[in-house]
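Chains as they are written, first to last, in my numbering: chain A, 3 to 228; chain B, 3 to 228. Backbone N, C-alpha and C fix where the C-beta goes; we use that ideal spot for every residue, glycine too.
2 protein chains.
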Amino acid sequence: MRKRSDWSVLARDEVALLAGGQSSYSYSAGESVYSMGEAGDGVYCVCSGTVAIRRLDAEGNSVLLQLAYPGDTLGYEAVLTGEAHRCNAEALGPANVCHIKTQTVKALLDNNPNLGLQFLRRTVASLDDAQDKLVHHATLSNRAKLAHLLLILMDRYGRHTADGTSTLHLPVSRRDLASMIGARHETVSRIISRFQTDGIAYFSGRSVRIPQVNALVEEIRPQLVG
Amino acid sequence: MRKRSDWSVLARDEVALLAGGQSSYSYSAGESVYSMGEAGDGVYCVCSGTVAIRRLDAEGNSVLLQLAYPGDTLGYEAVLTGEAHRCNAEALGPANVCHIKTQTVKALLDNNPNLGLQFLRRTVASLDDAQDKLVHHATLSNRAKLAHLLLILMDRYGRHTADGTSTLHLPVSRRDLASMIGARHETVSRIISRFQTDGIAYFSGRSVRIPQVNALVEEIRPQLVG
DNA sequence: AACAAAATTTGACGTTGGTCAATGCGCTCC
DNA sequence: GGAGCGCATTGACCAACGTCAAATTTTGTT
Numbered sequence: 003m004r005k006r007s008d009w010s011v012l013a014r015d016e017v018a019l020l021a022g023g024q025s026s027y028s029y030s031a032g033e034s035v036y037s038m039g040e041a042g043d044g045v046y047c048v049c050s051g052t053v054a055i056r057r058l059d060a061e062g063n064s065v066l067l068q069l070a071y072p073g074d075t076l077g078y079e080a081v082l083t084g085e086a087h088r089c090n091a092e093a094l095g096p097a098n099v100c101h102i103k104t105q106t107v108k109a110l111l112d113n114n115p116n117l118g119l120q121f122l123r124r125t126v127a128s129l130d131d132a133q134d135k136l137v138h139h140a141t142l143s144n145r146a147k148l149a150h151l152l153l154i155l156m157d158r159y160g161r162h163t164a165d166g167t168s169t170l171h172l173p174v175s176r177r178d179l180a181s182m183i184g185a186r187h188e189t190v191s192r193i194i195s196r197f198q199t200d201g202i203a204y205f206s207g208r209s210v211r212i213p214q215v216n217a218l219v220e221e222i223r224p225q226l227v228g
Numbered sequence: 003m004r005k006r007s008d009w010s011v012l013a014r015d016e017v018a019l020l021a022g023g024q025s026s027y028s029y030s031a032g033e034s035v036y037s038m039g040e041a042g043d044g045v046y047c048v049c050s051g052t053v054a055i056r057r058l059d060a061e062g063n064s065v066l067l068q069l070a071y072p073g074d075t076l077g078y079e080a081v082l083t084g085e086a087h088r089c090n091a092e093a094l095g096p097a098n099v100c101h102i103k104t105q106t107v108k109a110l111l112d113n114n115p116n117l118g119l120q121f122l123r124r125t126v127a128s129l130d131d132a133q134d135k136l137v138h139h140a141t142l143s144n145r146a147k148l149a150h151l152l153l154i155l156m157d158r159y160g161r162h163t164a165d166g167t168s169t170l171h172l173p174v175s176r177r178d179l180a181s182m183i184g185a186r187h188e189t190v191s192r193i194i195s196r197f198q199t200d201g202i203a204y205f206s207g208r209s210v211r212i213p214q215v216n217a218l219v220e221e222i223r224p225q226l227v228g
């Protein structure tokens, strides 16, 4: 597990320090790992399950910014800046998450510069992802954005079957899908209906069947006039 | 200058190394500092002027993601990941930009872990900013987003006069304003017209006069029904 | 199993904002 | 100075999307 995470850069003695400074917790669906406004008391590392990173605006609208998977490290922003958490982190299903105290993190960062560089690479990747989303929000229709989101979720939750059909089990509700693409949940419902009448994707609860993945790819390119 | 930048964490001998490994260039309005797809050959530090960070999508739509100011470091993502640049960087007016070769950057990062942590803090701040924009794109109307953008630009380009009026010289075109809020430039033109008829902000070329800054703040909160 | 709560779907309707097109403005480059 | 070019503004039109409301399904709880 540690091999696939940011902590793989640690040397043997440092791993011992890490092991001494961490504790592991189990969460069930919907439980909060940390919340906006709380002071950062360390970093979290997802061991199993999926954790949703959300931000709320002043009116209480929730936007799902990111899904975190085993190996991902969470909450280090607050530790680095000394500010409160800017996001909520919530288990989407049963999940195991390690907690590493601020003190331990700082000791490890002091001890091994590669850990900081590893965090930096990870953060740069998140920034790149966020900027890509900004570009999509600025240029794509909601329908195209939903198609794009489905393709991304396919990478992690999809299964390809022999006949070219693919299936997908959504990790999130329609409301969350909507917040991920910046639309209302009613709009997502309608787009799903149209995907079905257009034969592009068939939804049943959180199961999705996609006859031809290519059809979704086609949806993404904006309306090029015939 | 260096005092206000990421490089302020360097020790004296490291500054000497930096000085030996950098070169300074002058750009005039519209000139490119680096472009998407180019390999990262080092990092750039803005000494004077404003640099626009843009990303293009597949259809050539340009989205202005960020404005970089004196003290900001650019292009380190490509150096860290070893990938090509993901954005264009372009001088918005006359600007001086230093270039520090990859080799020098890596030597400094090896030598002084604090530099990496400084980059990390800076990147975390950018990520926070990008995520805030995502939330705004998901929840605000274009009118509210433009009001919000004007308030942000006020911080750097605004002047407050004695009678409570504020003025602002926009650093970017209407098209860029539009791409920053994820709208068409025609839409921005129309919102500007309405701001004027509503007495909220008066535009003349790139000059903006804002009688009461508070009126812009009011625009941001979504339509709360009376 | 029965109930309550939440999520989802669907309809009707109005607004926002995108598209297309025409015109005017300001700039640079001959 | 004039021609050409990109930017900006405005109008007309319409599709996409948000809002409100109601019906229906799903989910969780007692």
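The secondary-structure analysis by DSSP pairs A91/B across a beta bridge with Y36/B and I55/B.
Where A149/A is concerned, the enclosing alpha helix (DSSP H) starts and stops at N144 to Y159.
Nearest C-alpha to D112/A among L12/A, E220/A, E221/A and R6/A: L12/A.
At a beta-carbon threshold of 7 Å, the residues of chain B lying near Q133/A are R57, L67 and A132, ordered along the chain. When beta bridges are read from the DSSP output, A41/A appears opposite A86/A. Where R176/A is concerned, there is no enclosing beta strand (DSSP E), although the alpha helix (DSSP H) around it starts and stops at R176 to I183. Here the segment 35-48 of chain A makes contact with the segment 75-84 of chain A; the two share three or more CB pairs at distances below 8 Å.
For R88/A, the chain B residues whose Cβ falls inside 7 Å of its Cβ are D130, in order along the chain. When rounded, the separation of the alpha-carbon atoms in I194/A and P96/B is 49 Å. Using beta-carbon distances, S191/A does not count as an interface residue toward chain B, since no partner is under 8 Å. Each of V65/B, A54/B and R176/B was checked against the Cα of S206/B, and the nearest Cα belongs to R176/B.
Taking a beta-carbon distance threshold of 8 Å, L136/B counts as an interface residue toward chain A. The beta carbon of A70/A lies closer than 8 Å to those of V48, T52, V53, A54, I55, L76 and A91 in the same chain, with the five residues before and after it left out. Close partners of E79/B in chain A (Cβ separation under 8 Å): V126, L129 and D130. For Y204/B, the secondary structure class from DSSP, reduced to helix, strand or coil, is strand. Chain-ordered listing is empty here: chain A has no CB closer than 8 Å to the CB of G39/B, the nearest sitting near 14 Å.
Counting C-beta pairs closer than 8 Å gives three or more between the segment 117-130 of chain A and the segment 114-122 of chain B, which meets the contact rule.
For L94/B, the closest alpha carbon among the candidates L142/B, Y29/B, L136/B and S128/B is that of Y29/B. Boundaries for V11/A: no beta strand (DSSP E) harbours it, and the DSSP string shows neither H nor E there. DSSP places R211/A inside the beta strand (DSSP E), whose first and last residues are S209 to I212. Residue contact check for S181/A against chain B: a CB pair falls below 8 Å.
Boundaries cannot be given for N114/B, as no alpha helix (DSSP H) includes it and DSSP labels it neither H nor E. Residues of chain B with a Cβ closer than 8 Å to the Cβ of R145/A do not exist; the shortest Cβ-Cβ separation is about 16 Å. Burial check for Q133/A: the Cβ neighbour count within 10 Å reaches 16 or more, so the residue is buried. By the criterion of a C-beta distance shorter than 8 Å, T189/B is surrounded in its chain by N144 and A180, once the five residues flanking it on both sides are discounted. Following the DSSP letters along the chain, one finds N98/B inside the beta strand (DSSP E) bounded by residues A97 to K103.
H138/B is bridged by DSSP to nothing; it lacks a bridge partner. With fewer than 16 neighbouring CB atoms inside 10 Å of its own CB, M38/B falls in the exposed class. In the three-state reduction of the DSSP assignment, S30/B falls in the coil class. By the rule that beta-carbons nearer than 8 Å mark a contact, F197/A does not touch chain B.
Just so you know, the alpha carbons of V107/B and L129/A end up roughly 21 Å apart.
L218/A: member of the alpha helix (DSSP H) spanning V215 to I222, first to last residue.
Residue state for L172/B is assigned as coil, using DSSP reduced to three classes. G73/A is outside the set of residues whose beta carbon lies under 8 Å from a beta carbon in chain B.
Apart from the 5 residues on each side of it in sequence, L117/B sits with its Cβ closer than 6 Å to the Cβ of V11, L110 and L111 in its chain, given in chain order. For A31/A, the closest alpha carbon among the candidates A164/A, N98/A, L218/A and I212/A is that of N98/A.
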